[in-house]
Structure formats: C-alpha cells, structure tokens
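Student:
Residue numbers (our numbering), protein chains in the order written: chain S, 11 to 327; chain P, 4 to 303; chain Y, 302 to 736.
The structure is reproduced here in structure tokens:
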C-alpha cells in the first residue's frame, strides 16, 4: 500500500509540473506497471463461476478418486492412491481396459488431429481464393449443427456393410465399421465431417487477416498459390493453429458419442476409447472412485501433450 | 490482380477481347480450387441427404430402410413427433428450452470470457501466469470426471431440474478465454497505448476498443458456445428429470433410442426440426463470424 | 492488492472445501432435501423406467385426478442407453425413484446391495395375484436372499423373423418356417440358389447376441452363469457349440455375409432384402410396419438339443426411499402398481406390441399378430440367471469377444476363454459374487 501512495504523490506532482504530453507518458507508465486490482476485477466474474462450477466439483472429484467410492453404496473408505495404481498397473478388468482404450484413443488422436488441422486449413485457403464464399462457408460449417447422436447414426447407416449407401453407390463390399483399420477410418471420417466447421471458421478468419498487399507483392514476384500459402500465410496462422490443434487434441481425447453409436467400441474392443471405459466404470459398474481416477490420469496425459504442443508452437516461429 | 505477367506484348489482342481472355484466365486459374471445393462440398452434403431422405420418407416403423434418394416424400414422421407432443413428448418445449439455455450460456460466456481474456492478455498483474495456466489446464479435465460431482453439487444447491442447472456449468468456459486471449494478443499494443494516453480507463479500453475489435471472434465464440450447449447431452440428461425441463438432445434420445431398436425416422425428423434454430443463428451470424475482424486477429 | 488476491484465493479454497464437506453430507445422508409435498399438497410417488412404455402418461393423468390432494404421481423416462448414469446419479444423491422399471438383473444388483424393498407386501396391498405370472418369469430362480424383489411386467422371446416373399421366390412354403437348425440352413441355401443375396444376416452386435447366444447355449443344454458366486459358465461345450453354429452360417455354409455392421440385421431385414434373422420378438411391431404381409414370425428353430429361447423382460421394483418406507408412501406405491397391473397393463401391452406377464391381461392382446408364437416363446423361454447386471454390464466382455469370434478374428475357444476371464474379473466386484 505504501508504494501505491508514493506513486500517487509522484504522479500528482508530475502532472502539476508537466504538460499534456507528460501526463500521457505518466498514464502509460502507470499502465505498464502492475495492475493487480484492475486485473482481478476483470477476472472476478470468470474466477467466480470457475470456482463454483469447476473447482468445487474438481476438488470433490479428486476426493472421490482417493476413496473406494461407489454411486450406490457411497464412500467405502480412504484408500490413498490405490485407484490410480490399479489402473496404472493394469490390474483387473478396468485396469486392462484402461490401457487398451488409452492406446486406442492415442492412436485416434495421432491420426485425427493432423487431419483436423490440415483439411480445414486447406479448405479455408481454397475458400479464401474462390468465388461464392458464403456458399462454401455454409457448406463446410453446417455439419457442426448436428448432434453426435444424429450424425453418428447417419454415418453408421451410410457405412453399413450390406445395403449401406456408400458401398452401394461405389459397388464396394468394405466392412467399414467391423473391419480394422476401416472402423477407425470411418469414425475419423465422421468426426472430421462433423467437427471440421469449428476449425475451418477459425482458420478462415485467420487467413482473411493476412495483409493483402504482402500477398499481392508475392504474386507479382511470381510466387504460386502454394508458395504464397507456405511462405506467407502459413507462418501467420501460427496462433490460430495452436488454438485449433490444442482444442482438437482435447476433443479427440474425449471421443465418445459417435464412436459408441457407429461401432460401439468394436470390432471387439478395437475402437473403445478411454471416455467410454471411464463412463462404463463410473455408471455401469458403479465404481466412481476408479472412474474419476482414470479421468484424472487422462487429464494428466492431455496436459503433458498440450504442454509440448505449446512448446513446439513457440519454437516453430 | 496482376495476371498479365509473362504474357508476350506482341500477342496482346484488342482491348475487349483481352478483357474476355483475362476473365477466362482468371476463371481457369480458379478452376482447380473450385473443383476441389465442389468435391469437398458434395462430400459434406452426402450424409445430410440421407438425414433428409429419412426424415421426409415413410415412417417404416422407425427402421432405417431409406436409401440416399427418397422414393416417396411424406410428412408422416413430422406429424408423428408433433402428435406425440401433446401427450408425453413436448418437442417444441424442448427446443424452446435448448434455444433459451444455449443463448443465455452464449451471452454469459462472451461477457465473462472477454473480460477475463482482456485481463490475461493485456494487463500486467501478479499471478497472471498462474491464472492463465489454471484456466488452460482446466480444459484438460474431461467433463466425465466432473459429471457426478457437479450433479451432487447442484443437488446440494437445490438447483437440479431448473434452468439455472442447465446454464451455469457452461459459464466457466476456458475455451473461450483461450480463444479470445489468443486474439487479444494480436491487437497492436499501440492502439491500447494511444487510448490509455488519451485518458481512457481500463474498462473503457475494454469496452470501446477491445470489444468492437473483437466482434467477429466474439460472435464466433458465441455461435460455437451456442452450438456446444445446444448439442450437449450428458449434463442436461442428469440435471433434469421432468419432461418439460428436458433439452432437445435429451428428448431425441428419449423418443428415438430404445433398448432393442433405434427409431431412425423419428430421430432424423426431430434432428431436422432441432437444427432449424442453429441454422438461423448461423445464417445471421455468418457475416459477423469471419468478417467482423477489423485488425490483425489470430495471425502470428 | 496482494491482500485482495490472497483473500480471493482463500475464499476460493474455502468455498471448494466447504463444497466438498457439504457434498459428502448430501451423499452420505439418507434423508436428503426432498420435498414430500408438491403444490397440490399430495405425497409425491415417482416412477422411472425405460422410455418404451407408451400408455404411461395416461395412467399418470388418471391417477393424479383420482387421488388429487393425496398423492402426486410422476413418471420419468430414462433413455435406455444412459439409464445407468441417471439411476446412479439419483441413487448417489440419495434420491432414487420410488418405483423403477427395467430388465430384471439390475434389480438383483440393487436388491443385493440392500437398496430395494421386498416386493411381497406391495404385491399384496395392490391385490396382484402372483399365481398369474408365468413360471418362466416368476419362480425360485427370481429369488434374491430368499425373497422376491421385483415383479415381471412384460416379456418377449427370441424370434425367427422371415420374409415370406423371399421364401416364395425360393420355392419354399411361406407358411412353413424352419423348425430345426438343419432345416434353416437348407432353406437359406435354397434362397441363395434363387438369387437372394442375404439369406440370413447373423448380427454380430450386442443387441442381437444378447438374445441369440444365450438362447443357443440353453438349447445346447448349457448355462450362462452361476448365481451363487457369479461365475460364468458359457465357456462350456454347449457355449462353444452355440458360437460355432452362429459362425458356421457365415464361414461354413456361406448363407450369411461376414462383418455386418451393428444393427444391420434389423434394418436390412426391414428393407426386405434379407431372408431370415433371429432377433428379440419386440422388433415385431416395427417390422410389421415396414414389411406388412411379407413378415413371418416363428419361434426360434430347435438348433441344439432342446427347444428353448432367451426372454427379454421388463420388471418393476421398489427402491428404499424416504417415501416408500413410510406407510402412506407404501400405500401410494401399491396404488400405482394396482393401476398398472389390474387396469392398464392390457393397453400398455397392446400399445407396445408385447406379451403382458400377467394372465388377466393376456386376453386383451390375443388379437395381436403372431400372438400364439409370442406367447409360446415367453412360456418356454428363460430369463437371465440371478447375477447382478448379468447381460447388461457383465455382458460387455462376452459380447465383445463373441464379436471377434464371429468376425473370425479369434478362435471360438480363445474368445470364450477370454470372455470368461474378463467377466469373472468384472463380477468379482459385485455384491455376493466372491469366487
């Protein structure tokens, strides 16, 4: 508080002595100093809802994960980290399912995240260069309006092995949903179809921000569309790409509904994801403790991956 | 556009013909892009064709017997879902609930996140890194971990089966903070400095400078939040219990997903009805979505 | 300013800790904040169940009119795919519905956990005659801790659905469906010869195998599991024969295509391009609407050594709640049960196209198409063993492995062995399942 008062005294003195220009300088100087009060005032609404609706359930979740907790019979006692070690060591049904589904999920993330960046970015650049922009924007964004239940069902029937429209239309006999790796391809396809709109809009918004003069100058120098994209636009999309990649990583790790509807985790358990396992453990087997522990382990995996994504994105300037 | 580079001067035709040729060349140059976009666009339409065919086809006992193109058109399925509405499945009420809840959540998120993102991106304060890390880390927590604790918490608060329960958990939207934060970082410091030097307070800087500059990205955030909340399933499922408090996504599952059979025709008819508010929202927001961004946004 | 931050942080931590403490209280307490009285001043009696009960809203409306001021009846539909999540959260919050309707093995779980009330007193108060339940659905194998905890509402067997038009096309008698496994294969071969692309679709999905596989295991003289310790018994010779017969349709006799996607059997049969499928009889209603007079329904052929089939079911049970444990609340529950069984069950069964599990209601559905076949399937069939959640949660490993067997990814013996191990791992955590 003392420093604050000193600052006020100093500034009032300064204002009296100097003119308008100096006053501006002082304002700026103050501006560039710490603004704890103002900042937390701005943050108050967010922090309030954050504490109420994220921190409270989260702390409770951690509490549950350290207990032998069942939805039906309640708290069965504090067991330290046994829920975590059971999962990590792959003990029991859910222990082995945890690892199977975790690897499945990681595999899905590895194939889907690059595509979920590449395809929307390419399409966004295409739309940026094409006429009829509103039409394309609508076409590439509208699948986002469908719920996972709706589009999952639609895709599962389009991709039916016998009598499905895709096989019928192209005269194929591919086991889209019951063969491997087709099952993953199908889920990936449906996921890209349905969730691409978000990434497309963000990448498109970012591309429209690239200064036109720079692009035109490059074109004058004879740079082709691809070169212009790679050399000028792409570096300027870094921040938007971070948003798209990080959020798609998180979304892909949480893959659930379309997978459940399209393959129900099959064939066998080949497309069972970690969210599906956690859900089963929590609500079908009434093991809230183990399920919450699995969810936090997933959060840790996600955190590590996101950390590296941030690091790489910072280095790749 | 400078498209004449490399064209030999000698072969330059008379002025009108040259115009035609130039336009032609411009179109042919765009042709590959147009072809790719058309193929991609058709691929995007493919499933929706099936959805529409199923919704506007015959009810067939709810089985998915339709092909890609309709053999007969009928409103049977729509009549059925709205007939049932009078007794046990209030479809219009569900849509009303969903629209109201999603719109409320979108507005809340836009205001709360914009304020928070401004502080994090443009103010220097003690703990800013900690707060930012916490906000972004909270993105990593799978919702499934919070489902049961949230349920018990809302029961304790006495808010289960209310609109409050349907809106409040979406208010703390870390994704929005992250998105706006990235955007605000891209707004030139000089603009902020100029406003401050002219005597604007921080709330004024936020309201007069950052809010107008971010209308595009905020609209995007609002549309995305609206759609997320509209399509959310698990939370409205456990948070509501009476038929008139359900949202449309939960309603669709109740009507369409049975133990031994999925009623695809009812599901697709309900889906077609349920997306109307979102399609309208998107069409109105479309210009704002991507073009309202005035200054350098997410680039760099 | 630092002080402000500290205060804010402290408040946050306190709030979250306070939240935890109170949440614990809420979930541990057996008397949660629950309103007994509603606006109209009656005691609230709640029912929840799968969303398939068509006539229920009318029953509720009638009851609320009749008992205005005394009771308020409320019914909630739980979407089937997520009923466990809803019920788990409700129980966890100390607030389950008073009456619940679902398949029968979940009731075994809740009964063994001590969360249900014995159904006997309610049945008596409601004036329901238990002698009128078929023995397939109400007998000693439905006892938990020596008492009945749930009563059957309706049931449906595993049926052979066949397409009469395709039978005719193959020169077969459309009114003479196959009665044995060998005859079924012969008919399928005849159809294949006549150019029918899919004589049979052997659904590899859980929904189909839930019904077909146990049916075949029973037919071959086997058992699915042991109620006393929840051990799985399907890896017996009978279980192997059952899986091998299913597999033979695809890979030996080539009358069923390999790798159909989930739910394809039902949908493709509804399109009229499939000769025969074996599915829960409850699908009859929709198939009648899509196929009309082309639809044929028959009991499952005798594939093994006995005639037998698995019966899908809906049971009702009463949770221990702050309402149902009071005399007035118990009376309200009995009023609801009486209304269902003695007044409305015929119309519910008719609306849903299923066989009511209560003899007095049977006469109302006798005009239903294929009533005789349906009735026979229920009377000769069997429900799951009294193992908690058998066929629902504990069925998951079996059907996952069976899927791989039917896709020819693993051998029958390896698949069933793994299924047994995983099922036993899963059931070990269930009440009364120490092995």
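Each residue gets a CB set at the ideal place from its N, CA and C atoms; glycine is no exception.
Can you list the residues of chain Y that residue 98/P reaches, using a CB-CB cut of under 8 Å?
Tutor: For this step, residue 98/P is matched to residue 95 along the second chain. Those do not exist, as residue 98/P stays about 17 Å from chain Y at its closest Cβ, beyond 8 Å.
Student: Which runs of the alpha helix (DSSP H), 4 residues or longer, sit entirely within the region 43-102 of chain S?
Tutor: For the region 43-102 of chain S, whole alpha helix (DSSP H) runs of length 4 or above, ordered along the chain, are 46-60, 66-75 and 92-98.
Student: With 7 Å as the threshold, decide whether the Cβ of residue 319/S is near any Cβ in chain P.
Tutor: The count along the first chain starts at 1 and reaches residue 319/S at position 309. Closer than 7 Å: no.
Student: Do you know whose CA, among 171/P, 239/P and 112/P, lies nearest residue 177/P's CA?
Tutor: For the purposes of this step, residue 177/P is identified with residue 174 of the second chain, where counting begins at 1. It is 112/P whose Cα lies nearest to the Cα of residue 177/P.
Student: Are any of the Cβ atoms in chain S nearer than 7 Å to that of residue 335/Y?
Tutor: For the purposes of this step, residue 335/Y is identified with residue 34 of the third chain, where counting begins at 1. Reliability of the predicted coordinates at residue 335/Y is poor, the pLDDT of 40 falling under 50, and no value is obtained from them.
Student: Between which residues of its own chain and residue 71/S is the CB-CB distance below 8 Å, once the five residues before and five after are set aside?
Tutor: The residue you call residue 71/S lines up with position 61 of the first chain. 302, 305 and 306.
Student: Using three-state DSSP, classify residue 579/Y as helix, strand or coil.
Tutor: As a working note, residue 579/Y is residue 278 in the third chain. Three-state result, residue 579/Y: strand.
Student: Since I believe residue 502/Y is in contact with residue 611/Y (beta carbons under 8 Å), could you give me their beta-carbon distance rounded to a whole number of angstroms?
Tutor: Reading the third chain from its first residue, position 310 is the one you call residue 611/Y. Reading the third chain from its first residue, position 201 is the one you call residue 502/Y. That pair is no contact at about 19 Å.
Student: State the DSSP-derived secondary structure class of residue 233/S, mapped to helix, strand or coil.
Tutor: Locating residue 233/S in the first chain gives position 223, where the first residue counts as 1. If DSSP states are grouped into helix, strand and coil, residue 233/S belongs with coil.
Student: Give me the residue from 221/P, 215/P and 197/P with the minimum Cα distance to residue 39/S.
Tutor: Here residue 39/S refers to the residue found at position 29 of the first chain. That would be 197/P, whose Cα lies nearest to the Cα of residue 39/S.
Student: Mapping the DSSP letters down to three states, classify residue 263/P as helix, strand or coil.
Tutor: Counting from one through the second chain, the residue named residue 263/P turns up at place 260. If DSSP states are grouped into helix, strand and coil, residue 263/P belongs with coil.
Student: Hey, quick one: how far does the beta strand (DSSP E) through residue 730/Y stretch, first residue to last?
Tutor: What you label residue 730/Y is simply residue 429 of the third chain in a count that begins at 1. That residue, residue 730/Y, is in no beta strand (DSSP E); it is neither H nor E in DSSP.
Student: Would a C-beta distance cut-off of 7 Å place residue 261/P and residue 463/Y closer than the cut-off?
Tutor: Within the second chain, the letter at position 258 stands for residue 261/P. Within the third chain, the letter at position 162 stands for residue 463/Y. The answer is no: Cβ separation not under 7 Å.
Student: Just to confirm, is the Cβ distance from residue 128/P to residue 140/S under 7 Å?
Tutor: On the second chain, position 125 is the one that residue 128/P refers to. On the first chain, position 130 is the one that residue 140/S refers to. Contact: no.
Student: Roughly how many whole angstroms lie between the Cα atoms of residue 54/P and residue 132/S?
Tutor: In the second chain, counting from the first residue as 1, residue 54/P sits at position 51. In the first chain, counting from the first residue as 1, residue 132/S sits at position 122. Each residue's Cα considered, the two are about 27 Å apart.
Student: Could you list which residues in chain Y have their beta carbon closer than 8 Å to that of residue 268/S, in chain order?
Tutor: Position 258 of the first chain holds residue 268/S. What residue 268/S touches in chain Y: nothing, since even the nearest Cβ is about 13 Å away.
Student: Any Cβ of chain P within less than 7 Å of the Cβ of residue 381/Y?
Tutor: For the purposes of this step, residue 381/Y is taken as residue 80 along the third chain, with counting starting at 1. Closer than 7 Å to some Cβ of chain P, the Cβ of residue 381/Y qualifies, so yes.
Student: State buried or exposed for residue 72/P, treating a residue as buried only when at least 16 other CB atoms are found within 10 Å of its CB.
Tutor: The count along the second chain starts at 1 and reaches residue 72/P at position 69. The residue is exposed, with fewer than 16 neighbouring Cβ atoms inside 10 Å.
Student: Tell me, please, whether the CB atom of residue 274/P is closer than 7 Å to any CB atom in chain Y?
Tutor: Your numbering for residue 274/P matches position 271 in the second chain. Not closer than 7 Å to any Cβ of chain Y, the Cβ of residue 274/P fails to qualify, so no.
Student: For the structure I just gave you, are there three or more beta carbon pairs, one from the region 514-521 of chain Y and one from the region 633-647 of chain Y, closer than 8 Å?
Tutor: No, because fewer than three Cβ pairs between the region 514-521 of chain Y and the region 633-647 of chain Y fall closer than 8 Å, the two stretches do not touch.
Student: Applying the criterion that 16 or more other CB atoms from any shown protein chain within 10 Å of the CB defines a buried residue, is residue 58/P buried or exposed?
Tutor: The sequence position of residue 58/P within the second chain is 55, counting from 1. Buried: at least 16 other Cβ atoms inside 10 Å.
Student: List, in order along the chain, the chain Y residues whose C-beta lies closer than 8 Å to that of residue 103/S?
Tutor: Mapped onto the first chain, residue 103/S falls at position 93. What residue 103/S touches in chain Y: 698, 723, 726 and 727.
Student: Do residue 141/P and residue 186/P have their CB atoms nearer than 7 Å?
Tutor: As a first step, residue 141/P is located in the second chain; it is residue number 138 there, counting from the start. As a first step, residue 186/P is located in the second chain; it is residue number 183 there, counting from the start. No, the pair does not count as a contact, with Cβ atoms beyond the cut-off.
Student: By the 10 Å Cβ neighbour count, where 16 or more other Cβ atoms means buried, how is residue 312/S classified, buried or exposed?
Tutor: Reading the first chain from its first residue, position 302 is the one you call residue 312/S. So residue 312/S ends up on the buried side.
Student: Quick check on residue 224/S: buried or exposed, where buried means 16 or more other Cβ atoms within 10 Å of its Cβ?
Tutor: By 1-based counting over the first chain, the position of residue 224/S is 214. Per the 10 Å Cβ criterion, exposed.
Student: Can you look up residue 143/P in the DSSP assignment and give me helix, strand or coil?
Tutor: Sequence index remark: in the second chain, residue 143/P carries index 140 (1-based). Correct three-state label for residue 143/P: coil.
Student: Using CA atoms only, rank isn't needed, just tell me which of 401/Y, 387/Y and 432/Y is closest to residue 292/S.
Tutor: Taking the first chain and counting its residues from 1, one reaches residue 292/S at position 282. Comparing Cα-Cα distances from residue 292/S to each of 401/Y, 387/Y and 432/Y, the minimum goes to 387/Y.
Student: When you compare each of 657/Y, 661/Y and 685/Y to residue 677/Y by their alpha carbons, which one comes out closest?
Tutor: The residue labelled residue 677/Y in the question sits at position 376 within the third chain. Nearest C-alpha to residue 677/Y: 657/Y.
Student: Measuring only between beta-carbons, confirm whether residue 397/Y sits less than 7 Å from chain S.
Tutor: The residue labelled residue 397/Y in the question sits at position 96 within the third chain. No, residue 397/Y does not count as interfacial toward chain S.
Student: So does the region 723-733 of chain Y actually touch the region 524-538 of chain Y, counting three or more Cβ pairs closer than 8 Å?
Tutor: The answer is yes - the region 524-538 of chain Y touches the region 723-733 of chain Y, with three or more Cβ pairs under 8 Å.
Student: Go to residue 598/Y, then tell me how far its beta strand (DSSP E) extends in each direction, as first and last residue.
Tutor: Here residue 598/Y corresponds to residue number 297 of the third chain, with the count starting at 1. Note, residue 598/Y: beta strand (DSSP E), 596-600.
Student: Looking at the strands, I want to know which residues DSSP matches up with residue 618/Y.
Tutor: Counted from its first residue, the third chain places residue 618/Y at position 317. 401/Y and 451/Y, per the DSSP bridge assignment.
Student: By the three-class DSSP mapping on this structure, what secondary structure does residue 440/Y have?
Tutor: Position 139 of the third chain holds residue 440/Y. Note: residue 440/Y maps to coil in three-state DSSP.
Student: Can you find a heavy atom of the ligand PLP that lies under 6 Å from the Cβ of residue 472/Y?
Tutor: Looking at this structure, you won't find the ligand PLP or any other ligand, since it has none at all.
Student: Per DSSP, residue 6/S forms a beta bridge with which residues?
Tutor: This structure cannot settle anything about residue 6/S, because the visible part of chain S is limited to 11 through 327.
Student: Find out if the Cβ-Cβ distance for the pair residue 37/P, residue 117/P is shorter than 7 Å.
Tutor: Along the second chain, read from residue 1 onward, the residue named residue 37/P stands at position 34. Along the second chain, read from residue 1 onward, the residue named residue 117/P stands at position 114. It is not a contact, given that the beta carbons lie outside the stated cut-off.
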